[in-house]
Structure formats: C-alpha cells, structure tokens
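S.K.:
There are 2 protein chains.
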Amino acid sequence: MIIGILKEPQDEARVALLPEAVKTLISWKTSVWVESSAGASAYASDQWYQESGGEIHTRKEILEKADLICGIQPLAEAEIGQMKPGAVLMGQLSALFNPKLTDYLIQSGRTAFSMELVPRTTRAQAMDVLSSMATVTGYKAVLMAANLLPRFFPMFMTAAGSITPARVLILGAGVAGLQAIATAKRLGATVYAFDVRQAAKEEVLSLGAKFVDVEGAKEDKSAGGYAVEQSAEYLRKQKDTIHEHATKADVIITTAQIPGRKAPLLVEERTVRAMKAGAVIIDLAASSGGNCALSQPDQTVEVNGVRIVGVGNLAAEMPQDASKMYGKNYLNFLKLIIHNGELKLNFEDDIVTGTCVCHEGKPVSPRIVQMKSA
Amino acid sequence: MIIGILKEPQDEARVALLPEAVKTLISWKTSVWVESSAGASAYASDQWYQESGGEIHTRKEILEKADLICGIQPLAEAEIGQMKPGAVLMGQLSALFNPKLTDYLIQSGRTAFSMELVPRTTRAQAMDVLSSMATVTGYKAVLMAANLLPRFFPMFMTAAGSITPARVLILGAGVAGLQAIATAKRLGATVYAFDVRQAAKEEVLSLGAKFVDVEGAKEDKSAGGYAVEQSAEYLRKQKDTIHEHATKADVIITTAQIPGRKAPLLVEERTVRAMKAGAVIIDLAASSGGNCALSQPDQTVEVNGVRIVGVGNLAAEMPQDASKMYGKNYLNFLKLIIHNGELKLNFEDDIVTGTCVCHEGKPVSPRIVQMKSA
Chain A
1 MIIGILKEPQ DEARVALLPE AVKTLISWKT SVWVESSAGA SAYASDQWYQ ESGGEIHTRK
61 EILEKADLIC GIQPLAEAEI GQMKPGAVLM GQLSALFNPK LTDYLIQSGR TAFSMELVPR
121 TTRAQAMDVL SSMATVTGYK AVLMAANLLP RFFPMFMTAA GSITPARVLI LGAGVAGLQA
181 IATAKRLGAT VYAFDVRQAA KEEVLSLGAK FVDVEGAKED KSAGGYAVEQ SAEYLRKQKD
241 TIHEHATKAD VIITTAQIPG RKAPLLVEER TVRAMKAGAV IIDLAASSGG NCALSQPDQT
301 VEVNGVRIVG VGNLAAEMPQ DASKMYGKNY LNFLKLIIHN GELKLNFEDD IVTGTCVCHE
361 GKPVSPRIVQ MKSA
Chain U
1001 MIIGILKEPQ DEARVALLPE AVKTLISWKT SVWVESSAGA SAYASDQWYQ ESGGEIHTRK
1061 EILEKADLIC GIQPLAEAEI GQMKPGAVLM GQLSALFNPK LTDYLIQSGR TAFSMELVPR
1121 TTRAQAMDVL SSMATVTGYK AVLMAANLLP RFFPMFMTAA GSITPARVLI LGAGVAGLQA
1181 IATAKRLGAT VYAFDVRQAA KEEVLSLGAK FVDVEGAKED KSAGGYAVEQ SAEYLRKQKD
1241 TIHEHATKAD VIITTAQIPG RKAPLLVEER TVRAMKAGAV IIDLAASSGG NCALSQPDQT
1301 VEVNGVRIVG VGNLAAEMPQ DASKMYGKNY LNFLKLIIHN GELKLNFEDD IVTGTCVCHE
1361 GKPVSPRIVQ MKSA
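So the protein lines, in turn, are chains A and U. Numbering-wise (our numbering), the first sequence opens with residue 1 and increments by one. Numbering-wise (our numbering), the second sequence opens with residue 1001 and increments by one.
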C-alpha cells in the first residue's frame, strides 16, 4: 500500500509524519510518498525523508495513487475528489464541528478517520492528538507569557535588591492547563489554578500550585474529562473569585473549552480593567469565543497596559516536537489498521470505529451517527 | 535640590527611576521632576509618579532647572547644553567608548557620572548596572531561544513517546552566561558552558551545567572579571571544541565580550553550517561585532535552517524589572552623593571618583584620565 504525506496549508507548520515515523512505516512493508517540502517548516528536509525510505512525488501523484493520506488540516473537497476510490483520508477533520465537510465525505462514499475523535480511553491514550497537542500548547503559552511580561518569573535576591516572583493564574486544569502550571513552576513563578472539576484539585496541588476553590459546581463524569455547563449563581461566584485573583496576577493563561460550544467567559472586561499595568493574558480559547471578554482570535489587544493575546494554533509554533508527537500518535493508531503492509479496517475495534467519520456512504463513529440523527 | 527624570529615546523602554525609587528620593528631602510619560513603556504612569511624590514637568523645565538628571541613554549635546551651570548629568554614557561625548562633557565644564564606570568592587556591587542588566539579559536570552526553538526544552515521557531534553551551549560564563545557564536548567534543558576563565568552571558546575574545557588559556586577574586576548593556537583549539559541541546543540547563547574591543569570534560559519536544522543561536555580543560569524546586530538571519539572532538592548525588553533593578543601583549610588537633600560630591570616595567622567573641565575617573593621556 502507498501512504501519502502532503504539504499542509500555509499557516500550518507541523507535518503529520516526520522522517522517523516514515522509517517505522517502511518497516511495516508500506510505501510512503511525500510531497516535496512537506516537512520544511518542521525542519525535516526532503533528503531526510528519502534517507528514511520515503519517496518524493508530486501532490497530484500522491492524491491519485495513495491508499491512505495522513495529514493534519483537512483537505479541500476538490482535492478529496481526486483521491482514488476506496482510498482512506486521515486528519484532524473537526468532523463534529464541520458538518459541511462531514456531509461531503459521507455523500461521496469516502472512508475518513478524524484524529480528534479518538476515544478518551486508556488504550487509546497513545493515539490522543488532543492531549499531545495540549501539552505543547500549555508549555508554549507560558513561554509566550514570560517573553511578553515586563518582569521576571523567578524570584531574585541580588545586590540590586530583591525581585518577587511573578504571580500566574491558570484557568482550566486540563492537559494544557496542567502543562502550563508545570512550566510556570519550572520558571519560578507563584502559580494559582482554577477548574470547575474538583478532580483537578489534587493534580494542581501535586504540581506545587495553589487551587482556587469555587464551591457548588456541577460535574458530569460522562463528559470525557471536559467541564460541563453551570448554574447562573455558580457562574457569578466563579467570575467574582477569578476577578479577585486576577487583580493580583501578572499573568493569566486561560484554557477552558467545552467541545462544540462557545468557550465559557471567565475573565470579564471589568476584571481586565482592574488588572496591573504590564500584566499579560494568554487566551487559548480565543478561536472558540474566548475565555476573556476582550480577546480577539490571532490578535494581541492592549487595554490599560494589559495585553490580551488571542492564541490560535499554538502547537504549530513548536513544529518539530509537535510533529514528532503527532506522528507517534498516528503510528499507534495506524498499527490498528495496517497489517502486513495492507490496510485492514477492523470495525470490531472500538478505537477504529470511534475514530471513523464514515465508510461506504454511512457515518460510523457513534458520535457522528448521533450528530446526524439529532 | 531637584532631581530630573527625562523620557528615554524611542528605542529604550526602561526608565532610570521608577515611582518606588522616587518615593525613596522624596524621603531624602529632594524634589523629583518627571517628564510626562517617562515611565510609560515600563508600565509606570504619570499618576503613579505623582502619588509617589514626583512632579510632572516639561522636558525643557527639567533640563533648565534640575540639579541632577538621572537617565540611562546619553542625552544629545544640544540638550546637555541646556542644563544649568553646575548641574550634574548621570546615565550610562559609555564614556570610555564614546570619546566625542566625553570630550564635549570635559570641554563644556560639565559634571558627569557614567554608571558603567562603577568600580567592580564588593562595596560597589549594589550599584553595578552592568551586572544587574546582564542578569536580565541572560534570562531573556533563554526565553527568546525557547520561544524560537521548534522543540521542547524539558524532557517528556508521555503516552505519545518520549521527548529528549534540548541541548543548550552557553559561551561565556559571566553574569549573563550564568543567568542563562540557571534559566535553561530551570526549563529542563541539558546545559554545557564554556569560558576561557578557569574560575568560571566551579560556578558553572554548581548550577548543574557541564563545563567545556579548552586547555591553555591566558588569564589576567586585573581584567575585572572579563576575559583577555588569547594566543592563536589556543583560539584554534577553542573554535574546534566549540564546533564539536555546536553540532550537537539545539541552542547556543553567546555572551563573550571584551570591553572596548571587538567581541571574540567563537562560532565560525562552518560551525553554523554543521548545526542541526531548527537550531537557534542568540548572539548577545552582536552589537560589538558578534561571537558568531554570521550574526547581524538587531536582526535574525537564517542559514540552513539555523536562526541566528543578533541581540541589541535585551534588558529593555523586560522594562519593568530591569528599571526596578536600575533604580535600585542608582539609589545605592546616589546615597553617596546626596546628603540632607543636597548634592555633596565627595571625591575622597573611590566609587564617586571612579564613576565620575569629569568635573570642572577635567577628567576624574582614573580610567578616563588614562584614556585621555593615552
């Protein structure tokens, strides 16, 4: 079988499979076709792909001949149309939130897998791109904040007096939030973290941060580790508590997202206006509405000396290790569907089924089936 | 007496004295006049200066009325000319390397102090702006590198495989180099450091970094902690050793400077070309010729996927804490020349004498006297 790796769109610096992953695929008796400069922005040259056993082909050849195309960003419909019948498309297709593409894939009889659908189970953890990319994002968010802050993160006792540590507030203690906590602690900051899920408290404390408690949150264990919607009374109490902590903070990093919904508003305009001049807010939920009232996607806004950075695809800003982790997730998944160098889709496997958007004209993943029947 | 704080030039975000330092000066029975928005780029508002006891005045008023002007970047000659007779100018005037300004100050009969002339003695350590700003620079250089690197600094053992720590090479283990080592270690990198001075070895090891040894260096204890010029044979051996380490490095931070001379060339072009794609070089000596053959002052150059950042005034990129430390250095010095709210220049004090460029038409600091008689 031929596995194809295409160059991602202009604004995506990652590549789904680095040469090291290609080497593994070759050892599985597959052929790997790579579009020229597919890895360039992740610092992986064509030569390196070739040395790892890949072949350089044109985009057209790959689209027409590959049995499986592994990417990150979704392909345009016109290009999906060029794929040969029965070929499989894989990527991070946002299948639940991009109904137009999902409908097109179903109606055109394509077989497609969408990596963000990987079930959040223990066995599937090694394939979970949302987790691995959140690790990158949490780390990068802190570096970005530390770089922008006009102050030190660590405490200093110097001949020129003492410098107090920066105070960092992390909102949302999922994978990105926990990585942000760990990185801010590494850099010597005093870290506070908030999460509606009480289960997060222990993890926050174990990283050496202080947990910001707001009582009375609803919890839903079936939400796959995500937070759920809350009562108006709780939300008021939550915003007031965050306001109080925000006025003392040098940095706020917000990471709260609810899949498929607008991100919860956690930092109100009055809160930004009450913050210290020079403070920095990194809003990782900016592209889904923002956790901060004043954030704009992919822009930095300054209000009263407080800079609010609306962050988009932060994982792409550390393309080499992000691609390495993405590729490792991919390989762990591909192990389930490649046997003896051939594609074998085993729909008895809940990970294969859970990740499959559609096959032979029908939705497959229970989440896609549910969406289509809703 | 009136102490004046002027707005620094456009490209200088620091301010010599923040409101907190003004408060101390007021408690010493002085008046402090501040130009409007002097602290703006360091996030210190006019209102905050006023609340701390400062008065907002025009630039012209301050130039004409102040008994002492405390700045960072030197003033233009035309503005120095506006100062009242007997008024004292203080700043980081680069008096040893800016002979035109130094001559003007002497010939016009001005009294001027230049903060970089503060003797490198134990008693003067609390006034040493070169040390405090090097602390900022070393910290910022690592953040800049970590932000640019397409990889993580720390090691990760995740479900998506393991990530090896970044390898960082620090060239020059003075104050900036040691701070860079400490910060890179905080972020989890594996750190190697090189310095011609064997005395640096113990400090490097105590920070948990590995010391890169090149035998046969000349040392000169009278150089005030700076490195001295070396033999051709040693320099060859040094470049070869650095070349070998550089090819394995993800990040190189170069900090080697010899006061008043061109910075030593440590990273040759062949070395850059042998480095890994994605690697980052931060050259802190770029403005004095560069430690890397390919660096350009205030520019980022990319060669074979290696980015070389020629850094200028990095301390100004963290203006709040940099200004705080600058101000503390200033206060410690001003304590020596302000008594009961009045200026009293005691030329019996070796710190006052060592820091004074000129007074009543004559050079005062032994280093300026030596320069003028050479």
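From the three backbone atoms N, C-alpha and C, an ideal C-beta is built for every residue, glycine too. Bear in mind that the values here come from a model prediction, so they are computed numbers and not experimental data.
Where do the N-terminal and C-terminal ends of the beta strand (DSSP E) with U/R1307 fall, by residue?
M.R.: 1306-1310
S.K.: In whole angstroms, what is the alpha-carbon distance linking A/Y49 and U/A1200?
M.R.: So the two alpha carbons sit approximately 43 Å from each other.
S.K.: Between A/N340 and the rest of its own chain, which residues show a CB-CB distance below 7 Å, the 5 nearest in sequence each way excluded?
M.R.: Taking A/N340 as the centre and dropping the five residues before and after it, the same chain places the C-beta of K29 closer than 7 Å to its C-beta, in chain order.
S.K.: Flag A/L284 as yes if its beta-carbon sits less than 9 Å from any beta-carbon of chain U, otherwise no.
M.R.: no
S.K.: By Cβ distance, which residues of its chain are closer than 6 Å to A/V309, with the 5 residues on each side in sequence left out?
M.R.: I282, T300
S.K.: Quick one: does U/Y1326 have its CB under 9 Å from some CB of chain B?
M.R.: In summary, chain B is missing from the structure at hand, where the protein chains are A and U.
S.K.: To the nearest angstrom, how far is the alpha carbon of U/L1148 from that of U/L1017?
M.R.: 32 Å
S.K.: Comparing the C-beta of U/K1276 with each C-beta of chain A, is any distance below 9 Å?
M.R.: yes
S.K.: If we count Cβ pairs, one from each stretch, closer than 8 Å, do we get three or more for the segment 308-327 of chain A versus the segment 57-65 of chain A?
M.R.: With the cut-off at 8 Å, the segment 308-327 of chain A and the segment 57-65 of chain A do not touch.
S.K.: Would you say A/K113 lies against chain U (beta-carbon separation less than 9 Å)?
M.R.: A small fix is needed here, since residue 113 of chain A is Phe in this sequence, not Lys. It does not: the Cβ of A/F113 has no partner Cβ on chain U nearer than 9 Å.
S.K.: In the DSSP assignment, find the unbroken alpha helix (DSSP H) run with A/M157 in it and report its ends.
M.R.: Segment 156-158 is the beta strand (DSSP E) holding A/M157; no alpha helix (DSSP H) there.
S.K.: Taking only beta-carbon positions, decide if A/I351 is within less than 9 Å of chain U.
M.R.: no
S.K.: In chain A, which residues lie less than 7 Å from U/G1305 when you measure between Cβ atoms?
M.R.: What U/G1305 touches in chain A: Y43.
S.K.: For chain A, is any of its Cβ atoms less than 9 Å away from the one on U/S1131?
M.R.: Yes, its Cβ sits closer than 9 Å to a Cβ of chain A.
S.K.: Enumerate in chain order the residues of its own chain whose CB-to-CB distance from U/T1164 is below 8 Å, with the five nearest sequence positions on each side excluded.
M.R.: M1155
S.K.: Of all the residues that make up the segment 141-162 of chain A, which are near chain U by a beta-carbon distance shorter than 8 Å?
M.R.: L143, M144, A146, N147, L149, P150, R151, F152, P154, F156, T158, A159, A160, G161
S.K.: Use the C-beta contact count for A/V369: other C-beta atoms within 10 angstroms, 16 or more gives buried, fewer gives exposed.
M.R.: exposed
S.K.: Would you say the segment 97-116 of chain A touches the segment 36-44 of chain A, given that touching needs at least three Cβ pairs under 8 Å?
M.R.: no
S.K.: Is it true that the CB of A/G188 sits closer than 9 Å to the CB of A/F211?
M.R.: no
S.K.: On the CB-based measure, 16 or more other CB atoms within 10 Å of its CB, does A/F347 come out buried or exposed?
M.R.: exposed
S.K.: Helix, strand or coil, according to DSSP, for A/E430 in the structure here?
M.R.: With chain A running from 1 to 374 in the structure shown, residue 430 of chain A is simply not present.
S.K.: Roughly how far, in whole angstroms, is the beta-carbon of U/G1091 from the beta-carbon of U/I1072, given that I think they are within contact range, below 8 Å?
M.R.: 6 Å
S.K.: Comparing the C-beta of A/D320 with each C-beta of chain U, is any distance below 9 Å?
M.R.: Per the sequence shown, the amino acid found at residue 320 of chain A is Gln instead of Asp. By this cut-off, A/Q320 is an interface position.
S.K.: Looking at the secondary structure, which residues open and close the beta strand (DSSP E) in which U/G1004 lies?
M.R.: 1002-1005
S.K.: Compare the beta carbon distance of U/I1026 and U/G1053 with 9 Å and say whether it is the shorter of the two.
M.R.: yes
S.K.: Specify, as a first and last residue, the run of the beta strand (DSSP E) that U/K1210 falls within.
M.R.: 1210-1212
S.K.: Rounding to the nearest angstrom, what Cα-Cα distance links A/D376 and A/A263 in this structure?
M.R.: Here chain A has residues from 1 to 374 only, and residue 376 of chain A is not among them.
S.K.: Between the segment 123-138 of chain A and the segment 175-185 of chain A, do at least 3 Cβ pairs fall closer than 8 Å?
M.R.: yes
S.K.: Compute the Euclidean distance between the alpha carbons of A/V214 and U/A1066, then round it to the nearest angstrom.
M.R.: 54 Å
S.K.: DSSP beta-bridge partners for U/R1167?
M.R.: U/T1190
S.K.: For A/A126, return the contacting residues in chain U, with the cut-off set at a CB-CB distance below 7 Å.
M.R.: Identification of chain U residues near A/A126 by a Cβ-Cβ cut-off of 7 Å yields A1159, A1160, ordered along the chain.
S.K.: Between U/V1022 and the rest of its own chain, which residues show a CB-CB distance below 8 Å, the 5 nearest in sequence each way excluded?
M.R.: Same-chain partners within the cutoff: I1005, V1032, V1034, Y1049, S1052, G1053, G1054.
S.K.: Quick one: Cα of U/L1336 to Cα of U/N1291, how far?
M.R.: 37 Å
S.K.: Select from A/Q198, A/K237, A/L205, A/A322 the residue whose C-alpha is nearest the C-alpha of A/E219.
M.R.: A/Q198
S.K.: Does U/T1255 get closer than 9 Å to chain A when you measure Cβ to Cβ?
M.R.: no
S.K.: Are there 16 or more other CB atoms within 10 angstroms of the CB of U/G1354, so buried, or fewer, so exposed?
M.R.: buried
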